[in-house]
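Student:
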Amino acid sequence: MAWLQLSDVDVALGDRDVVRGVTAEVAAGELVVIVGPNGAGKTTLLRAIAGLIAPRAGAIRVLGHDPVRAPRRVIARELAYLPQSYELAFPFAVEEVVLLGRYARQRGLGLASDDDLAAATRAMAACDVAHLAQRRFDELSGGEARRVIIAQALCQGARCLLLDEPTAGLDPAHARAIFAMLRAQCDAGAAAIVVTHDLDLALRHGGAMWLIADGQLAARGDPAQVLATAATRDAFGLAIHVGALPSGAPFAVPA
Amino acid sequence: MTGFLTGSATRLTRRRLALVVAGCLILTALIALIAPLIGIVGGRGGWHLELLSPRALAAGAPDHAILWVRIPRVLAALVVGAALAGAGCALQALLRNPLAEPFTLGISSGASLAAVLAIRLGLESAFGAAGIGGAALVGAAGTLVIVWRLARIGKHLPPATLVLAGVTMSMFCSSASVLIQYTSDFTEVSHMLQWMLGGMETVRLTTVGYAALPIGVGLVGLVIYARELNALAAGPEVAASLGVAVGRTQTVIFGIASLLVGAAIAVCGPIGFIGLIVPHALRALLGPDHRLLLPTSMLGGAAVLAVCDTLARTVIPLHHLPTGAVTAVLGVPFFVAILVGQKQRALLWGRGA
Numbered sequence: 002m003a004w005l006q007l008s009d010v011d012v013a014l015g016d017r018d019v020v021r022g023v024t025a026e027v028a029a030g031e032l033v034v035i036v037g038p039n040g041a042g043k044t045t046l047l048r049a050i051a052g053l054i055a056p057r058a059g060a061i062r063v064l065g066h067d068p069v070r071a072p073r074r075v076i077a078r079e080l081a082y083l084p085q086s087y088e089l090a091f092p093f094a095v096e097e098v099v100l101l102g103r104y105a106r107q108r109g110l111g112l113a114s115d116d117d118l119a120a121a122t123r124a125m126a127a128c129d130v131a132h133l134a135q136r137r138f139d140e141l142s143g144g145e146a147r148r149v150i151i152a153q154a155l156c157q158g159a160r161c162l163l164l165d166e167p168t169a170g171l172d173p174a175h176a177r178a179i180f181a182m183l184r185a186q187c188d189a190g191a192a193a194i195v196v197t198h199d200l201d202l203a204l205r206h207g208g209a210m211w212l213i214a215d216g217q218l219a220a221r222g223d224p225a226q227v228l229a230t231a232a233t234r235d236a237f238g239l240a241i242h243v244g245a246l247p248s249g250a251p252f253a254v255p256a
Numbered sequence: 038m039t040g041f042l043t044g045s046a047t048r049l050t051r052r053r054l055a056l057v058v059a060g061c062l063i064l065t066a067l068i069a070l071i072a073p074l075i076g077i078v079g080g081r082g083g084w085h086l087e088l089l090s091p092r093a094l095a096a097g098a099p100d101h102a103i104l105w106v107r108i109p110r111v112l113a114a115l116v117v118g119a120a121l122a123g124a125g126c127a128l129q130a131l132l133r134n135p136l137a138e139p140f141t142l143g144i145s146s147g148a149s150l151a152a153v154l155a156i157r158l159g160l161e162s163a164f165g166a167a168g169i170g171g172a173a174l175v176g177a178a179g180t181l182v183i184v185w186r187l188a189r190i191g192k193h194l195p196p197a198t199l200v201l202a203g204v205t206m207s208m209f210c211s212s213a214s215v216l217i218q219y220t221s222d223f224t225e226v227s228h229m230l231q232w233m234l235g236g237m238e239t240v241r242l243t244t245v246g247y248a249a250l251p252i253g254v255g256l257v258g259l260v261i262y263a264r265e266l267n268a269l270a271a272g273p274e275v276a277a278s279l280g281v282a283v284g285r286t287q288t289v290i291f292g293i294a295s296l297l298v299g300a301a302i303a304v305c306g307p308i309g310f311i312g313l314i315v316p317h318a319l320r321a322l323l324g325p326d327h328r329l330l331l332p333t334s335m336l337g338g339a340a341v342l343a344v345c346d347t348l349a350r351t352v353i354p355l356h357h358l359p360t361g362a363v364t365a366v367l368g369v370p371f372f373v374a375i376l377v378g379q380k381q382r383a384l385l386w387g388r389g390a
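Sequence lines, in order, name chains A and B. Every number in our numbering is 1 more than the matching position in the first sequence, counting from 1. Every number in our numbering is 37 more than the matching position in the second sequence, counting from 1.
1. Do you know offhand how far B/A390's Cα is from B/A276's?
2. Give every residue of the same chain whose Cβ lies closer than 8 angstroms to the Cβ of A/V10, excluding the five residues on either side of it in the sequence, and list them in chain order.
3. Skipping 5 residues on each side, what residues in its chain have a beta carbon closer than 6 angstroms to that of B/M38?
4. Does the count of Cβ pairs from the stretch 256-266 of chain B and the stretch 322-329 of chain B closer than 8 angstroms reach three?
5. What residue does the alpha helix (DSSP H) around B/G123 start on, and which one ends it?
6. Mind pulling the chain A residues with CB within less than 9 angstroms of B/T50?
7. Taking only runs that begin and end inside the stretch 191-223 of chain A, name each unbroken alpha helix (DSSP H) of 4 or more residues, in chain order.
8. Could you name the residues of chain B that A/Q85 contacts, counting a contact when the two beta carbons are closer than 7 angstroms?
9. For A/I54, which three-state DSSP category applies?
10. In chain A, which residues lie less than 7 angstroms from B/E274 when you measure between Cβ atoms?
11. Where A/F91 and A/A192 are concerned, what is the direct C-alpha to C-alpha distance, given to the nearest angstrom?
12. My output table needs one value for A/R21: the three-state DSSP class, helix, strand or coil.
13. Can you give me the C-alpha to C-alpha distance between B/A362 and A/G102, rounded to a whole angstrom?
14. Name the chain B residues whose beta carbon is nearer than 7 angstroms to that of A/P224?
15. Within the 8 angstroms Cβ cut-off, does B/L331 reach chain A?
16. Check distances from the C-beta atoms of the stretch 60-82 of chain A to those of chain B and list, in chain order, the residues that come in under 9 angstroms.
17. When you compare the CB positions of A/A253 and A/D201, do they come within less than 8 angstroms of one another, or not?
18. I believe B/G76 touches B/E87 by the beta-carbon criterion, under 8 angstroms. Please report the beta-carbon distance rounded to the nearest angstrom.
19. Strictly by DSSP, which residues pair up with A/G15?
20. Any idea if B/K192 is buried or exposed, counting beta-carbon neighbours within 10 angstroms, 16 or more meaning buried?
21. Taking only three categories from DSSP, how would you classify A/Y104?
22. Does B/V153 pass the burial test, meaning 16 or more other C-beta atoms within 10 Å, or should it be called exposed?
23. Just to confirm the assignment, what range does the alpha helix (DSSP H) spanning A/D165 have?
24. Name, please, each residue of chain B whose Cβ falls closer than 8 angstroms to the Cβ of A/G102.
25. Leaving out five residues before and five after B/I183 in sequence, what residues of the same chain have Cβ atoms less than 7 angstroms from its Cβ?
26. Can the beta-carbon of B/G235 be found closer than 8 angstroms to that of B/G143?
27. Which full runs of the beta strand (DSSP E) of 3+ residues lie inside the stretch 113-171 of chain A, going along the chain?
28. Since I believe B/V117 is in contact with B/I308 (beta carbons under 8 angstroms), could you give me their beta-carbon distance rounded to a whole number of angstroms?
29. In whole angstroms, what is the alpha-carbon distance linking B/R388 and B/G125?
30. Which residue comes first and which comes last in the alpha helix (DSSP H) that contains A/P255?
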């Protein structure tokens, strides 16, 4: 059974349909990368799957739940969402920021249990921010802060991960490490949808690629094939060249 | 945006929470015990400060009556201080705005308008001081509903529209109060001014009793929502994806904060400053975690207002100064000292992510 199901989903912002007629599904173990030009509706689609915005038409199911109607706490245990931008009003310590991810699994005052601390430690290690645990969030660099937020999403312990440009602002090594980590999460049974403009990493690590153009799912399938389609060329206004390095690893560059 | 002055923030452990809250509790309790014993007495050598013996509590003791004049005042200061500081702390987090305080949302202006109207219409002669307190509570509740209706978008209470609606209502109520004062006679105006400056002189034990229950419930309610306030620091969308029922949380916290402010104003008129500065000072000292910050703000607000009120009635013999004015005059230098100290540690305003 598909964990995430979208049937003929339309999402409107104001009067404008930003996402139109998207039908797709994501199964356990799948890492889906969403690519497409700016303003194509990628973020809006992700927010709709996360239940943060109600679709105007169609249906979305997250492990059987309607993400808009189900209690937030229930959805948060199944699905973690990393937004494109993140602003923290108070500079908590990094460890506390990551532990905020445990909200849906805590009761009362939510003082961290051993389970919570173990989850936070694992998440921080996976995102290479363990050494920052005691630092103030507002004293981090942009890329460090980004990795801390990814750790927060991981710390939620959800089976479905929705990440909106997780590697924006990350150096190449950390960007690659984040994608490798996501790949490992999916190999261990999670399902992930990642919006990214890094076509190269999307090609290498994505199991499937969705091309969103003008609010519609214009192409989907194997990343190398999707990048080679006319739809991709039309969407970006330039062709994407897919090649292979001497090592055999694939790469993608605008031709 | 941010702009919050924040101390170091390490992970909150049960031990740290217990130690800090217990420390604040002991300090506040000491102040509460000592405050009623302090007073000014007249004698042959003029006026001087006097500390009564706790034995005056016993019925029949010589100073028993004096003590029982002061006790309602001190209790009122404790209850009102806790309510205002707790509400201020929650509102700053809810609105993600360092300038937020009970007065930002127009609630106290609405209460003042109702009280001014009550004085103008002679409700005081009809119902006594309770008439004004009751009117203030009705005014606070009315403004709360209007601001809430104005600010609400769907199920959500976005901070920006909430501040805008609050400030608009605040302006309207203040201006309406001025118009009413303009059409009132001298006695009424002086009475209105006295009420609007905020003071504890006329507080009775029964009034404090009535206010203590809703305030107590409200304070406990806020502490229950401390974790939601922490999550809301990351914005409503992130909080929702972490599992917070954002719309309901915003409405409940807004409602509780308004209830606290309304009840506090009904007791002793609008007292500014406590709700703004106490949470800021404690955030600078203890860090931003609301599970620690909310209870300590409440205790801190109680302690600070009790001290300020004691000063208000003892600094100038025979003249009871308006407590609200004393809190501001004394609090500002204290707050500036914290601000300067934090700046030296390079923890500047506006260092948000």
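C-beta: ideal position from N, C-alpha, C; glycine also.
Tutor: Looking at the coordinates:
1. Caution applies to B/A390, whose pLDDT of 33 falls short of 50 and renders its modelled position unreliable; the value that the coordinates give is listed next. Between B/A390 and B/A276, the C-alpha separation is close to 17 angstroms.
2. V20, G22, V23, T24, L46, A49, P56, A58, G59, A60 and I61
3. No answer about B/M38 holds up, because its pLDDT of 38 lies below 50 and its placement is not dependable.
4. yes
5. H101 to L132
6. L112 and A113
7. Fully enclosed alpha helix (DSSP H) runs of 4 or longer: 200-206.
8. Those do not exist, as A/Q85 stays about 10 angstroms from chain B at its closest Cβ, beyond 7 angstroms.
9. coil
10. L53 and P84
11. Roughly 31 angstroms between the two C-alpha positions.
12. strand
13. 43 angstroms
14. Result: empty, since nearest Cβ-Cβ is about 26 angstroms, beyond 7 angstroms.
15. no
16. P72, R73, R74, V75, I76, A77, R78, L80, A81 and Y82
17. Result yes, Cβ atoms of A/A253 and A/D201 sit closer than 8 angstroms.
18. 6 angstroms
19. According to DSSP, A/G15 bridges with nothing at all.
20. exposed
21. helix
22. By the 10 Å Cβ count, B/V153 comes out buried.
23. Taken as a continuous stretch (DSSP letters only), A/D165 belongs to no alpha helix (DSSP H), being part of the beta strand (DSSP E) at C161 to D165.
24. L279
25. M206
26. no
27. 161-165
28. 6 angstroms
29. Only weak support is given to the placement of B/R388: the predicted model assigns it a pLDDT of 44, under 50, and the value that follows is read from those uncertain coordinates. Each residue's Cα considered, the two are about 21 angstroms apart.
30. Here A/P255 belongs to no alpha helix (DSSP H); instead the beta strand (DSSP E) covers P251 to P255.
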